[in-house]
Every structure is written in structure tokens, then in C-alpha cells.
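Oh and the first sequence: position 106 is 106 in full-length UniProt numbering, straight run, nothing missing.
We put the CB at the ideal spot given by N, CA and C, even for glycine.
See below for the structure under consideration.
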Amino acid sequence: MPRLMPEDASLLLDHVVGDPSVPAAAANAALAALPFPSRPTPRLLRASLLRRLAADPVSAAALDSLQLLASLPSSPSPAAPAAAAAAHLAVAAYLAVSAPDFDAAAGALFGRPGGRARRAVEEGGAAALASDEADAVADQFEAAVGNSFSQTVLRGLWGDRAAAEERVRELLAVEWAAIGQSRLEMAAERIVGDGAIETWRAADEVTRAKYRLLAGEQRAREIEGKLGETIPQGNQISTPEVHKVMDALKSSCANLHSVVEDPLPAAKAAADEVLAARMDKAVDLNAGEVSNQPTACDIAGPSAPADNLDAPRKGTAASLMDWNPTARTFQWEDSPDPDGSCSPIHRPQLPSPRRTTFSPLQPADNKAKRRKARKWCALEEETLRKGVEQYGNGNWKDILTNNPDVFIGRKAMDLKDKWRNMMR
DNA sequence: GGTCGGGCTATAC
DNA sequence: GTATAGCCCGACC
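Given below as C-alpha cells:
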């Protein structure tokens, strides 16, 4: 039996781990059985992190996974950055408020300059995780150190573990939906899918024989039939000698088919058997032993039971090369991006034009004086409500000065305006 | 100085 | 284009 080459293992892992319908136990078995590539595809890295998150959605390790995920080439889904930012914020905040020592945890996560979560959401961190809300929340946690009132409010806002887990599940759903085809699926599409005619036309006889094995005889005949139809009439040579040779070839092929069994079904069955045996073996082992199998980049992490995978599922168990008629078509590339950084939606970012006011009555620097609008976060709204209850409507200065840790960068009139909006 | 009401601006839909 | 939230300005106490 030919030895499995590292590139083949990479293709298999890219396909199996990145397929959300493959149960966690099977994916972990594959990760344990096959060498993890030294230069994994971005899809494999992303899938590994998603599986790790699904198994352990709210923890310090999950925070690591979320930050690593944000450092990968961006997901094709436009909803992914917001989902990632929300999940990251929810997990970091929950870890801080649920820690036995709030001050130590909040400092380690949100303190300046080295807080783990703060570094990730600040400029220079992960762009996908940065937002005004993240900045504001980081400031609030930092300011809440030593302030029991703020800590109580923050616990009320961020202390729901189920809510944090829900944010992670939402991110998982968005990411899995956009993970795209594996390299094997793309290759399969090229050989038996939409691009098959061109691929087969360009192939020599030896290569076509390999394609025939992969596609199966029936599909191969369909493709070759279409290929024959597309050959320009002017290129056909029609002489008695050519007809004689073609008849001989057809006869030879028919004889071959009658005596040689198509090897693909048997090979596929054997492969399934081997995979099933491996899975059984892995599942029989102590779950922790399997899940803690280290990988080359230590990314596979703890496994989850098969029913713990929070990912969209297909109706039936997927075979490695099951053909998916609804799959999308990708432009084939023979070699992967050397740095693994290519993104399907990477486009140059151009600054959007903004309106500029020019008026002789209004000095240009007036624009700079206007503060940038910053959305009110839940903590500010909640504190404002409590402040109005405590100090009374209209006493904005009192409310502001008694909650400097919460109303960072706000003025008394901002509180008034916000209350006016909240009462509408 | 603090608060109020009206108006302006940026942004989301 | 419209609705809304956030910010600013001038008047008033």
C-alpha cells in the first residue's frame, strides 16, 4: 500500500475537519490519526478553531480561539466580524465577572496596557474584534476595579453564561455556513462537475484513465459523450480506416468492461471500513485521551461528544467524496497561497467619500470640535436608569459625578439627551 | 453652573 | 429618502 504523503494527509484533514456534518469524534479521530500539516490551509485552521470553540465555548481557551480566529484571513461572510466581536466581548466579560477575584480578572483581561482582551480590541489588535462598544466595555471593566457598585452592574449585564455561549454559537453558525469547499471538493468539481469537459479535454490518456477511476464509469461515459459532442466538426477525420480503428477501440472497451470490475466501489468500501475501524477505536478509548492528542500546532484541542457539535448538519453521513450538486464553483488554483493568507473577499479598501461643509459663516475647525458620536452601551443605560431612580430626573450632574467610571467621556447634557431618547 | 428644548449631523435601514 | 441616536447651541433659572 502506498505511503500517505503529508500533502495527502493535509487534503484529507482539510476535507474532514472542515466539513461541519462530520461529527466531532470523527474529526478528532482524523486529527489524531493523521499528521497535522506544518503549513495547514486557512480552511483547516479555521475549522480546527471552530471545533475547539464548539466543544468549549466559554473559557480562557475559548478566548484564545476567538482571538486566533480573528487573526485568520477574514471569513467570506459579511456577518462574521460582528459575530466574532460580540462573541469575544461576551466571553471576555463573562470570564471577568465570574472570576472569584473580579479586580485581578478585570485587570488581566481589560487593564492597560497588557490586558488580553483589551489588546485584541484596541487599534493594532484584531481588526475584526475592534469596535467602539468593545473599547467602552474595556474602559468600564478597567474602571470597575475597586468599585463594588460598577462590579455589581457589570455582573448583572455580563454574568449570564448561557448568553455568552449563545454569542459563540451564533458565530459558529455564521462561520460554518461560510467555510466553503475543501480542496478535495474543488478538485472533484473540476473532474466531474461543471468544469469537467474542459479538464478532460486538456488531459492526456493516462490522466483521463485516472479521472475515469475517480468519476466512475457511468459519469466518465457521460463526460466523454459531452466531450465528443463539443469537438468541432472540422476536426473530425472520417475515413474508413479511422472508423475501423474506432470500432475496434469500442469493442475493446466493451470487452474490458465485461471482464474488469470497476475498482472504485470496492476501494471506496475499503476506505470506509478503515475509517470506521479507526473511529471505533478512537471512540472506545478514554474520551479525554483521544481529545487531548496533541497536534503539530496544538489546535485540535479537546473533543466534544458527537452530539455536541454545534454546526449545521446534513441529512446523512457524508462520505469523503460524496458529490454535492449544490456546491459552489471556485476558480481552481494548482498551488495554495504560499503564506496561506489569501482571502476570497480580499479587496483593496478605499476611503468612502464624506460630505464636507464649506461655509464662510462656519469656520472649518467647527467640524473638529464636534465629538464623534459614540453609542450608549447597556451598562451606561442601566446606570442612567438607576441614577434617575436614585438622584431624580434632571439631576444629571449628580448622576454623572457619582458614576465617573461608567460615563466615561459623557457630559451631563449627554445624560439628559440620552434620557430624553430613552423616554421616547 | 446647571438644565432644558430645539436644531444639526451622522448613520442605519 | 426617512427615522433615529447622539451631539451642540442658545436661552433660561
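The shortest CA-to-CA distance from Gly159 to any of Pro100, Phe110 and Tyr94 is the one to Tyr94. Contact between Val17 and Ala30 holds: their C-beta atoms lie close to 6 Å from each other, under 8 Å.
In terms of Cα proximity to Asn147, the closest of Pro73, Gln390 and Ala104 is Ala104. Three or more Cβ pairs closer than 8 Å define a contact, and the stretch 135 to 149 meets that threshold against the stretch 97 to 117.
At the C-beta level, Val206 and Ala79 stay beyond 9 Å of one another. DSSP, read as helix, strand or coil, puts Asp405 in coil.
Contact check for Ala136 against Arg118 fails: the beta carbons are separated by 9 Å or more. Inter-segment contact for the stretch 81 to 92 and the stretch 184 to 197 is absent: fewer than three beta-carbon pairs are separated by less than 8 Å. In the three-state DSSP reduction, Gln181 falls in the coil class, being neither helix nor strand. With at least 16 other beta carbons inside 10 angstroms of its own, Gln181 counts as buried.
Within the stretch 50 to 118, the complete alpha helix (DSSP H) segments of 4 residues or longer fall at 60 to 71, 80 to 98 and 102 to 110, listed in chain order. Contact annotation, Asp132 with Arg374: C-beta distance approximately 6 Å; criterion of less than 8 Å satisfied. Cβ neighbours of Arg212 within its own chain (closer than 8 Å, five residues either side excluded): Ala220. Closest in C-alpha terms to Arg167, from the list Met5, Leu63 and Pro113, comes Leu63.
The continuous alpha helix (DSSP H) containing Leu415 extends over residues Ala412 to Met423.
Pairing Arg183 with Arg43 gives a Cβ-Cβ distance under 9 Å.
The beta-carbon distance between Glu165 and Pro57, rounded to whole angstroms, is 5 Å. This is short enough to meet the 8 Å contact definition.
A direct Cα-to-Cα measurement between Glu7 and Arg190 gives close to 19 Å. DSSP places Val16 in the uninterrupted alpha helix (DSSP H) bounded by Pro6 to Val17. When DSSP states are grouped into helix, strand and coil, Gly387 belongs to the helix group. Put simply, of Arg51, His15 and Ala61 the residue whose alpha carbon is nearest the alpha carbon of Thr41 is His15. A direct Cα-Cα distance of roughly 44 Å separates Ser98 from Glu185.
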